[in-house]
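Residue numbers (the working numbering): 700 to 771.
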């Protein structure tokens with residue numbers, strides 16, 4: 700498995716906030732969720748997309764979706 704070190708400034712900042720001695724459980728969980736979202740963004744940045752045509756509110760429209768995946 701490939702290991703990637705995420706060096707994004709927001710991730711570093713939020714991890715630093717999570718290390719504070721007097722952090723509340725609620726705040727820690729909020730920050731953990733935010734870090735998780737940022738890591739998901741980084742982990743999926745290289746996914747391939749494909750163009751598909753869908754029925755939009757103003758007719759047919761071409762959009763990009765993750766290639767070969769049926770995500771909700």
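Note that CB positions come from ideal geometry on N, CA and C, so glycine has one too.
Cutoff 8 Å; reference residue 737; Cβ partners in own chain excluding five residues on either side: 705, 707, 709, 710, 713
Short Cβ contact (9 Å threshold) for residue 766 with residue 749: yes
For residue 741, three-class secondary structure by DSSP: helix
Own chain partners of residue 753 with C-beta closer than 7 Å, once the 5 adjacent residues on each side are dropped: 760, 762
For residue 752, the residue or residues it bridges with in DSSP: 761
Span of the alpha helix (DSSP H) around residue 715: 708 to 717
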